[in-house]
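Trainee:
Protein chains in written order, with this note's numbering: chain A, 558 to 875; chain B, 94 to 552; chain C, 7 to 291.
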């Protein structure tokens, strides 16, 4: 199966306009550090995009909600932090090791859990996350409750930002490639009708495991990058269920199952939270709650779905 | 469904768009990209707006390095206020501590500004102070972005967020930008073992917390080695307290024996199981605790199980005035190590700085915020005082100069002594022990400042 | 003897946890809505009891007479205003919505009542028997749980609306064919679920301090119990609660105290591997 199926790619006028927009965006991302002082904001926008997209990579394609998504983020962060603190490893090696460790973990988690359906899968993964949280919280070899703190020499915000850009692009491209591939087709079949898919020879458990491994890899990279940026990790920040719920919200907001939806949802929800937090330190969470409830009531199909609806209406009238 | 059906779906780039025409898909893709662009513009624009508008308040000399060249003959063009930036956990798990700390700093800023501000010699001007604060939601990643925001706004000095973990997330940003970061609520010793130059603490580090309690027990002249149960919460701060306590016990050779030593989960709904085990180890005293809710639960559980110890000393919870209102008579005889008590009087020490005594702090805070302050508010207020002193003495708004000035300060305030070691760790301030006695908070150790004798063993 | 004591204690706490989970499983069973705000309704109930106690001197146990109907009303309002819109949407939608409701409730409580933790001191004498000591407050909590579970059982088996709830839980399309109004049943189930959560809040006030954002811990606990017992099964929820309660307390004898909370989650994962639909769950769901 070819990962990147670009057959039928023709440069129509619309296509070239899209390409131009994407190139401008990429160029903006590349030069941003030269004129933008809060480089960490851009860093975390991309970090959240990777978290939301990697959640989407499993949940959006298979229909299963991984409520323990953050366990990949946390383990990725811990593995890279341990490598940097104890072995003084290069941060690049540490980040990649974090991603690989998480994909290995994803494989391990998928073995017992891919048999579970719907909400049982969601709560089982949530429980695994909580078990990791408590274990790391009382395990001295990984710093237990006080956590780990990187030596200051690792702190290079601009380098971290560019690595983040690369990882974010790789993550979105992978999602695009997967959704276009035969692998993606199989996952959709599982999403639509798992029993039928199994009966026509799609090994659902195998495909689900593989999807979870990809999802875990990118979430692990995101976690490893986040600890590189924050320089501090402890169990409550690494295995925080709120991170899972926020990733889900971002994917939902943009449009679950789409390639570009989590990108939009991640950027929008993060920047919204950030600006609200800066402007209204005492009531920003109330505003956020109202916005979330409002989104469900007004645009239940996410931004992408809603804009599609509106645009079709507008074009239809012309 | 057959294979072909699946295949036809896959040509969709958006998977929710099953069965839609190609044109629709193109529309949605364009819409998506359009939204991304719009979003980035809004995000960059919004952030730019923040960095410029808020930043302009601090005017040209944001880092303060050019301020020394200002002369008095030309019209004054220097900064018009001293900006102090911080995040505080105003929501999330540390919110109660964060709000209390922020209130303490607000009260300090109000009193400085009421007296016309701080005289900065290098500028030959009195400048008011302005606090710029954000809610970090008790989350380390928010600390990281918001301190960069504060740096971008050009604040003169930074105050750390409450708690050791959040302080550790803020420290590299302060350090790489050469901005002073004063910690008022991060007691873990590890903050000062990283080699940061710009991080300064005003409170006694965690390792010192339990020592006055042990010294006090040592003084009770009990014959056999005193049997101690350690029952601390599982967090950075409580663990550093326990480590310090164990080191002290080892240094006293045989005066104490540790019969129980476990960390507990702070979110547990009950500690009856562990307390029963502690009872089985028959200790004389129980020393432990972590934060507020767990401390109250422990005291309630001890009562409901009908246990009795010669002394129970917990971290943080008993020091909070709510401890009495929540627990009533159960509060009696419970002790706690304390950074500060309002009835302590340091005015006879010199140099005494800040026009305020502990009693005045208590009453002023009470009237400003309609609730009694706890030690977090006092720590934060003291942070302001210490910064004020160093700015006055050095006559500069340059963080490096003020940081060096702090190294040579040895002052007394309503909070006690301030003096720092070479790493920036607090070395002058000492802890006291408080105990609830008949519904009133009493300082029982050291004897020199005690307001009442230590009730031991508890009746 | 310590072991016996811990088992009794675990049973008592387990009953309370089980009743907390009952509310969640009822809502899930009828409308397949994952209510993330469940724990926040507990906190709402706890704060109501706190203020009733502080301002009017109402005993927390007595205040259940207020918090339960109040929760019922609140649940119906939330259902009609918000949750109704997502009953037929994918599960994730209701999850997203209730996450928003949870954020809204906890942040409003935070804003109005400050982040300070609240506790009240009402103690009941401990119960001594057969060498086992059970704290009075925990015994009261267990008694409350038994009463609620019994009332709910009578309601579900003896009344029309109770039977309707069970019918919709088991097979909503057949229930519809039999003339049961699913809308009304959903509204009722949501109201009862929130009423239970909010009255559990009153009891929690007897046991521990609460703070505005503490709801998520109760939600998590209820989730684990519900899935352990089997989604949609009231008896399973009670059983799951007891298992978690007993295991949590007994484990502290053998494990380092800080690591005990992990044991409940590990048990859940093991149970699900052996029985993918929980202890009492229907097969193949």
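Glycine is no exception: its CB is placed at the ideal position from the N, C-alpha and C atoms.
Please list, in chain order, all residues of the same chain as residue 646 of chain A whose beta carbon is under 7 Å from its beta carbon, the five residues on each side excluded.
Mentor: For residue 646 of chain A, where only same-chain residues beyond five positions count, the Cβ hits under 7 Å are 640.
Trainee: Is it buried or exposed, residue 442 of chain B, if we count other Cβ atoms within 10 angstroms and call 16 or more buried?
Mentor: Classification of residue 442 of chain B: exposed, given that the 10 Å Cβ count is below 16.
Trainee: Output the boundary residues of the alpha helix (DSSP H) element that contains residue 430 of chain B.
Mentor: That residue, residue 430 of chain B, is in no alpha helix (DSSP H); its beta strand (DSSP E) goes 427-431.
Trainee: Counting pairs of Cβ atoms below 8 Å between the region 83-91 of chain C and the region 669-683 of chain A, do you hit three or more?
Mentor: At 8 Å Cβ cutoff, the stretches do not touch.
Trainee: 8 Å is my cut-off, CB to CB: does residue 834 of chain A come that close to chain B?
Mentor: Yes, because at least one Cβ of chain B sits closer than 8 Å to the Cβ of residue 834 of chain A.
Trainee: With 16 as the cutoff for other CB atoms within 10 Å, does residue 446 of chain B come out buried or exposed?
Mentor: Classification of residue 446 of chain B: buried, given that the 10 Å Cβ count is 16 or more.
Trainee: Counting only beta-carbon separations shorter than 8 Å, does residue 112 of chain B have a partner in chain C?
Mentor: Bear in mind that a pLDDT of 40 at residue 112 of chain B, under 50, signals an unreliable position, so the number given afterwards is only what the model happens to contain. Answer no: the Cβ-Cβ gap between residue 112 of chain B and chain C never drops below 8 Å.
Trainee: Which residue comes first and which comes last in the alpha helix (DSSP H) that contains residue 246 of chain B?
Mentor: From DSSP, residue 246 of chain B is part of no alpha helix (DSSP H); its letter is neither H nor E.
Trainee: From residue 393 of chain B to residue 551 of chain B, what distance separates their C-alpha atoms?
Mentor: Each residue's alpha carbon lies about 16 Å from the other.
Trainee: Please compile the residues from chain A whose C-beta is within a distance smaller than 8 Å of the C-beta of residue 287 of chain B.
Mentor: Within 8 Å Cβ-Cβ: 706, 708 and 709.
Trainee: Hey, is the region 364-382 of chain B in contact with the region 247-267 of chain C, meaning 3+ C-beta pairs nearer than 8 Å?
Mentor: Contact holds: three or more Cβ-Cβ distances are below 8 Å.
Trainee: May I ask which residues mark the beginning and end of the beta strand (DSSP E) holding residue 841 of chain A?
Mentor: No beta strand (DSSP E) contains residue 841 of chain A, which is instead part of the alpha helix (DSSP H) from 841-855.
Trainee: Consider the Cβ of residue 861 of chain A: report whether some Cβ of chain C lies at a distance smaller than 8 Å.
Mentor: No - not a single Cβ of chain C is within 8 Å of the one on residue 861 of chain A.
Trainee: Comparing the C-beta of residue 819 of chain A with each C-beta of chain C, is any distance below 8 Å?
Mentor: Judged by the 8 Å Cβ criterion, residue 819 of chain A is not in contact with chain C.
Trainee: 8 Å is my cut-off, CB to CB: does residue 2 of chain C come that close to chain A?
Mentor: The structure shown does not extend to residue 2 of chain C, since chain C spans only 7 to 291, so no value can be given for it.
Trainee: Going by other Cβ atoms of all chains shown within 10 Å of its Cβ, with 16 needed for buried, is residue 750 of chain A buried or exposed?
Mentor: Residue 750 of chain A should be labelled exposed.
Trainee: Work out the CA separation of residue 216 of chain B and residue 611 of chain A for me, nearest whole Å.
Mentor: Computed Cα separation, rounded: 54 Å.
Trainee: By the three-class DSSP mapping on this structure, what secondary structure does residue 529 of chain B have?
Mentor: Strand, per DSSP.
Trainee: In chain order, what residues of the same chain have a beta carbon less than 7 Å from the beta carbon of residue 665 of chain A, not counting five sequence neighbours either side?
Mentor: Contacts found: none.
Trainee: Would you call residue 401 of chain B buried or exposed, if buried means 16 or more other Cβ atoms sit within 10 Å of its Cβ?
Mentor: It is exposed - the Cβ of residue 401 of chain B has fewer than 16 other Cβ atoms within 10 Å.
Trainee: How about residue 614 of chain A and residue 735 of chain A: are their beta carbons less than 8 Å apart?
Mentor: Yes, Cβ-Cβ distance for residue 614 of chain A and residue 735 of chain A is below 8 Å.
Trainee: Figure out for me which residue from B:448, B:434 and B:433 has the closest Cα to the Cα of residue 440 of chain B.
Mentor: Checked all of B:448, B:434 and B:433; the closest Cα to residue 440 of chain B is B:448.
Trainee: Based on the DSSP output, what are the partners of residue 656 of chain A in its beta bridges?
Mentor: Residue 656 of chain A pairs with nothing; no bridge assigned.
Trainee: Taking residue 636 of chain A and residue 707 of chain A to be in contact with their CB atoms under 8 Å, please state how far apart those CB atoms are, rounded to whole angstroms.
Mentor: About 13 Å; that fails the 8 Å criterion.
Trainee: Is the shortest distance between the beta-carbon of residue 846 of chain A and the beta-carbons of chain C less than 8 Å?
Mentor: Taking Cβ atoms only, chain C reaches closer than 8 Å to residue 846 of chain A, which makes this a yes.
Trainee: Residues in the same chain with beta-carbon distance under 8 Å from residue 181 of chain C, minus the five sequence neighbours each way, listed in chain order, please.
Mentor: So the list reads 170, 173, 174, 188 and 191, once near-sequence residues are dropped.
Trainee: Counting only beta-carbon atoms, is residue 639 of chain B nearer than 8 Å to chain A?
Mentor: Outside the shown range of chain B, which is 94 to 552, sits residue 639 of chain B, and nothing can be said about it.
Trainee: Three or more C-beta pairs under 8 Å: does that hold for the region 67-87 of chain C against the region 777-789 of chain A?
Mentor: Touching, no.
Trainee: Okay, do the region 99-111 of chain C and the region 29-47 of chain C touch, 3+ Cβ pairs below 8 Å being the bar?
Mentor: Yes: the two stretches touch, three or more of their Cβ pairs being nearer than 8 Å.
Trainee: Just the Cα atoms here: how many angstroms apart are residue 173 of chain B and residue 193 of chain C?
Mentor: Going by the C-alpha atoms only, they are around 60 Å apart.
Trainee: Consult DSSP for residue 816 of chain A and reduce its assignment to one of helix, strand or coil.
Mentor: Coil, per DSSP.
Trainee: Kindly give me the distance between the Cβ atoms of residue 285 of chain C and residue 277 of chain C, rounded to whole angstroms, as I take these residues to be in contact under 8 Å.
Mentor: About 6 Å separates the two Cβ atoms, so the contact holds.
Trainee: Secondary structure at residue 135 of chain C, three-state DSSP: helix, strand or coil?
Mentor: Reduced to three states, the DSSP call for residue 135 of chain C is strand.
Trainee: Mind reading off the beta-carbon distance from residue 252 of chain C to residue 49 of chain C? Whole number of angstroms is fine, and I expect it under 8 Å.
Mentor: At roughly 25 Å, the Cβ-Cβ gap does not stay under 8 Å, so residue 252 of chain C and residue 49 of chain C are not in contact.
Trainee: Quick check on this structure: which residue in C:57, C:31 and C:106 has the alpha carbon closest to the alpha carbon of residue 845 of chain A?
Mentor: Selected option, being the one with the closest Cα: C:106.
Trainee: Go through its chain and collect everything with a Cβ distance to residue 5 of chain C's Cβ below 6 Å, but skip five positions before and after it.
Mentor: Any question about residue 5 of chain C goes unanswered here, given that chain C covers just 7 to 291.
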